[in-house]
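Asks: Pasting in a structure now, in C-alpha cells, and then I'll have a few things to ask.
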Amino acid sequence: MKSYLNELKVAVINQDLKLLEKIIQNDPEFESIEEAMEIQAYIKEAVKLLQKEKDRLSLEMQKIQNLKKFNNQQKENETFDFKA
Numbered sequence: 000m001k002s003y004l005n006e007l008k009v010a011v012i013n014q015d016l017k018l019l020e021k022i023i024q025n026d027p028e029f030e031s032i033e034e035a036m037e038i039q040a041y042i043k044e045a046v047k048l049l050q051k052e053k054d055r056l057s058l059e060m061q062k063i064q065n066l067k068k069f070n071n072q073q074k075e076n077e078t079f080d081f082k083a
C-alpha cells in the first residue's frame, strides 16, 4: 500500500501531527519486506516526533502551573489595612 507509506513520509517530513493521527488509525499494509522496513523506520521517526511534542507540551504545562502558583501567592500577599 504505497499510499500509506507516502502519507506517512509526508506527515513525518512535515511534522504534521494531525495527519499522523489520521494515518495511525489504519493498519499498515505493505507489498514487500523492504516496504515494511521503510514503514517501520518512518513509524520510529513519528514516535520521536510525538515524544518531542509531548515534552514540549509538558514544559508548557509546567510553565502554566508555575504562573498559577505565582498568581496565587500574589493574591495571598495582597492585604488591605482598613484601619488606616
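Using numbering that gives the first Met the number 0, the letters of the sequence shown correspond one by one to residues 0 to 83. Virtual Cβ for every residue (Gly too), placed ideally from N, Cα, C. Source: prediction; values computed, not measured.
#1: So, at 6 Å on beta carbons, what are the nonlocal neighbours of SER2 in its own chain, with the 5 sequence-adjacent residues on each side left out?
#2: Restricting to runs no shorter than 4 residues, where is the alpha helix (DSSP H) found entirely within the stretch 6 to 50?
#3: If LEU48 and GLN14 are in contact, beta carbons under 8 Å, what's the gap, nearest whole angstrom?
#4: Okay, do the stretch 8 to 22 and the stretch 48 to 59 touch, 3+ Cβ pairs below 8 Å being the bar?
Replies: Well, looking at it:
#1: none
#2: If only uninterrupted alpha helix (DSSP H) runs of at least 4 residues are considered, those enclosed by the stretch 6 to 50 are 16 to 22.
#3: 6 Å
#4: Enough Cβ pairs lie closer than 8 Å, so yes.
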